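**Student:** The opening residue of the sequence shown carries number 72 in our numbering; numbering runs sequentially from there. Here it is, the structure in full.
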Amino acid sequence: MTAPIRVLVAASDAAPPEAVEPVCRAMDAAGIELSLVDVGRAGTRVARRRILRALLADPPEVAFAFDPASARALCDARDQGRAFAPVVGVMPELAPREAWGDTACDRYLTMDDSAAVALADLGIDGARALAIGPIGSRRFAEASGAPRADVRKRFKLATPRVLVAEVGGFGYDATHQIALQLALLGRDVTTLFDAGSDTDAASALRRHVPTLGMRAKLFGITDDAPLLWRAADVVIARPSLRSLAHALLVGARFVSLSPEGDDQVRLADAVEERGLGATATTPLLLASAIERAVRSTGNIRAYEGRSGAAIAADVARVLAYEREAVLDESREAAEAAARAAREAAAAAGFAAAAREAAAARETAAAGGLEDLTGDLATADEPAGADLGDIARRRAELDTRIDRARRRVWEARERAEQWADKHRRAEARGQVSEARAAAKRADAERAQMHEALRDLERLEREARALEEAAVRAAHTASAAAGPHPPRAAGPSVEDLLAQMKRQRRRSVEDELEALKRKMREGKS
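Next up, the structure:
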């Protein structure tokens, strides 16, 4: 019998419980052995120690974090060799926080492609981001499988339009105001009031709605709640990750009612930006907000029934099986970034030292004989350079050139895929999806051009190495002096010429081939 997969979930006060709980339940249902560590206040020294203790006490195969601080702590433990587990950062919000840009997770899970694009704007490699859909209750995802017409028939909802108004938490007076505004929509609309456990809201509705002449029903905590939400065209609620996820899972537009605080305002803005609904800052604006939500053009079907929690559990299982490959990939990326940083720092240091030396030479008093011909490149070249060392450096350079060439082609393929998604979304009239796909395609093209610049720089280094090899060969030949005849064979110059002929294609050839393939793709 196969041993269960072990997953560590790091939760903190900054981790949204609306996302942590569904993901944990989905993992438990999938037979994953779950270890949940509550670190308290995110980012503190105590939180980091708790995470490290949990990693060492029962080493997991995959680690999940729902806030940037916990993700950084898990990544630090991984990079220090204290944990051999890929780190997954989960972002259930539509607009990822900027702090995610300071993390180095092996994978990032976002609600949709637009959130993945926003993550790439923060400096995260877009290839590591995976859109998994809304993270909510499994029962709401299952309710999306029931035809809306059948659900309405079951609950005797005969009007052309059905709304769900989640009033739990609004209290007596605010719920009364909400009912007054919804009554203005007329008798062609049925409103299903979800009062949850709020007895004050339920009392206000029972007292006032019968006098308003509106079609309405009331429910609270019931097993039928997911199906009642499924019956709705539009859900009205204070914006939260839970209410938005449940609305999207059942395929309903969302009206953000009276958002409070920066997080709710940011969530409401993201809903409007994607064309998934509208915002009513006060109950007085509900009627117009509902009409705007009905006319919104965002692709609601891309979210309907797509359980992000279940997909997150599948991701954990896949990463556990491919753990070594994923960690090697992240390690290579980190080493490449560190190497590039070291090379840039060394180049900057050499340039600064050269400028200082040149300035000192210009102002120094003349002494012995100086060569003023300006052939500094030859004068500065170390005499008697080792051909073996040059060959080793060339082999390392070839490996880096191969890696850069792969980056070019992979980024190009991803750019073509996103460009194709952009064209399909435009053809369907899905403005927000088309905009997100176009932005993602631009990001991939930017990565491709960055890789091309790296490839061009590496090609220049390769040419410089060949020139150094020629000079080293001539220096070694002159230092050796006359030597007796030897068997005929290729000279050093012949070997260098052969190396040049066998050298890989130049950057110009790569660009020409890339343009040719892109033209063929368009035709």
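Ideal placement from N, C-alpha and C gives every residue a C-beta, glycine not left out. The structure presented is a predicted model; accordingly, all values stated were derived computationally and were not measured.
1. What residue from Pro281, Lys288, Thr246 has the CA that sits closest to Asp271's CA?
2. So, under 8 Å CB-CB, Pro163 and Ile103 are touching, yes? Tell me the CB distance rounded to an integer number of Å.
3. Which partner residues does Ile307 have in the DSSP bridge list?
4. Looking at C-beta atoms only, is the number of pairs between the segment 282-291 and the segment 347-354 that lie closer than 8 Å three or more?
5. In chain order, what residues of the same chain have a beta carbon less than 6 Å from the beta carbon of Ser503, not counting five sequence neighbours either side?
6. Assess, as a yes-or-no matter, whether the segment 149-157 is touched by the segment 393-401 under the definition of 3 or more beta carbon pairs within less than 8 Å.
7. Quick test of the definition: if touching needs 3 or more C-beta pairs under 8 Å, does the segment 171-191 touch the segment 352-368?
8. What residue range does the beta strand (DSSP E) around Leu79 cover?
9. Would you please state the rounded distance, in angstroms, between the beta carbons of Val342 and Leu165? I believe it to be under 8 Å.
10. Could you tell me whether the Cβ atoms of Arg77 and Pro139 are closer together than 9 Å?
11. Comparing C-alpha positions only, which one of Pro75, Ile472, Leu298 sits nearest to Val222?
12. Is it right to say Val389 is buried, meaning 16 or more other beta carbons lie within 10 angstroms of its own, or is it exposed?
13. Taking DSSP as the reference, what is the three-state secondary structure of Lys227?
14. Nearest by alpha-carbon distance to Glu530: which of Arg471, Gln518, Ala514, Ala462 is it?
15. Rounded to the nearest angstrom, what separates Arg149 and Arg119 at their Cα positions?
16. When the Cβ atoms of the segment 273-289 are set against those of the segment 198-216, are three or more pairs found closer than 8 Å?
17. Report yes if the CB atom of Asp99 is closer than 9 Å to the CB atom of Ser83, and no otherwise.
18. Quickly, what does DSSP pair Ser106 with across the bridge? List them, please.
19. Nearest by alpha-carbon distance to Glu237: which of Leu193, Ala220, Arg476, Ser329 is it?
20. Which runs of the beta strand (DSSP E) at least 3 residues long sit entirely within the segment 462-500? Give them in chain order.
21. Determine the direct distance from the alpha carbon of Ala416 to that of Arg124, and round the result to whole angstroms.
22. Looking at the secondary structure, which residues open and close the alpha helix (DSSP H) in which Val94 lies?
23. Would you give the residue range spanned by the alpha helix (DSSP H) that Gly379 belongs to?
24. Using a threshold of 9 Å, state whether the C-beta atoms of Leu228 and Ala273 are closer than that.
25. What does the alpha-carbon distance come out to for the pair Leu355 and Trp300?
26. Apart from the five residues on each side of it in sequence, which residues of its chain come closer than 6 Å, Cβ to Cβ, to Leu253?
27. State the Cα-Cα distance for the pair Ala175 and Cys146, rounded to the nearest angstrom.
28. Are Ala482 and Arg516 close, meaning C-beta to C-beta below 9 Å?
29. Give me, in chain order, the residues of the same chain whose beta-carbon lies closer than 7 Å to that of Ser268; leave out the 5 immediate sequence neighbours on both sides.
30. Only counting the same chain, and skipping five residues up and downstream in sequence, which positions put a Cβ closer than 8 Å to that of Ser311?
31. Cα separation between Leu398 and Val133?
32. By DSSP, does Asp147 sit in helix, in strand, or in coil?
33. Which residue marks the beginning of the alpha helix (DSSP H) containing Ala200, and which one marks its end?
34. Any idea what DSSP makes of Val161, helix, strand or coil?
35. Can the beta-carbon of Ala136 be found less than 9 Å from the beta-carbon of Ala81?
36. Under the rule that 16 or more other beta-carbon atoms within 10 Å means buried, what is Ala381, buried or exposed?
**Tutor:** Judging by the given coordinates:
1. Closest option to Asp271, Cα to Cα, is Thr246.
2. Rounded, the Cβ-Cβ distance is 19 Å, inconsistent with contact.
3. In DSSP, Ile307 forms a bridge with Ala236, Val326.
4. Taking 8 Å as the limit for Cβ pairs, the verdict is that the segment 347-354 does not touch the segment 282-291.
5. Same-chain partners within the cutoff: Arg345, Gly346, Gly369.
6. Result yes; three or more Cβ-Cβ pairs closer than 8 Å.
7. No contact exists between the segment 171-191 and the segment 352-368.
8. 77-82 is the span of the beta strand (DSSP E), which, as asked, contains Leu79.
9. Contact flag correct, Cβ pair sits at about 7 Å.
10. Cβ atoms of Arg77 and Pro139: not closer than 9 Å.
11. Checked all of Pro75, Ile472, Leu298; the closest Cα to Val222 is Leu298.
12. Exposed, by the Cβ-count rule.
13. Coil.
14. Among Arg471, Gln518, Ala514, Ala462, the Cα nearest to that of Glu530 is on Arg471.
15. Distance between the alpha carbons of Arg149 and Arg119: 13 Å.
16. Result no; under three Cβ-Cβ pairs closer than 8 Å.
17. With respect to Ser83, Asp99 sits apart: the two C-beta atoms are not nearer than 9 Å.
18. Residue pairing from DSSP places Ser106 in a beta bridge opposite Leu79.
19. Looking at the Cα atoms, Ser329 is the closest of the given residues.
20. Listed in chain order, the beta strand (DSSP E) elements of length 3 or more contained wholly in the segment 462-500 amount to none.
21. Using only the alpha carbons, I get a separation of about 36 Å.
22. Where Val94 is concerned, the enclosing alpha helix (DSSP H) stretches over 88-100.
23. First-last of the alpha helix (DSSP H) with Gly379: 379-392.
24. Contact: no.
25. Whole-angstrom Cα-Cα distance: 23 Å.
26. Around Leu253: Thr262.
27. One C-alpha to the other measures close to 6 Å.
28. Yes, they are a contact pair.
29. So the list reads Gly239, Gly291, Ile292, once near-sequence residues are dropped.
30. For Ser311, where only same-chain residues beyond five positions count, the Cβ hits under 8 Å are Glu89, Gln335, Leu338.
31. Looking at the two C-alpha atoms, the distance is approximately 11 Å.
32. The DSSP-derived three-state label of Asp147 is helix.
33. Looking at the DSSP string, Ala200 is not in any alpha helix (DSSP H); the run it does join, the beta strand (DSSP E), is 200-202.
34. Residue state, collapsed to three classes: strand.
35. Their beta carbons are under 9 Å apart, which means Ala136 touches Ala81 by this criterion.
36. Looking at its Cβ environment, which holds 16 or more other Cβ atoms inside 10 Å, Ala381 is buried.
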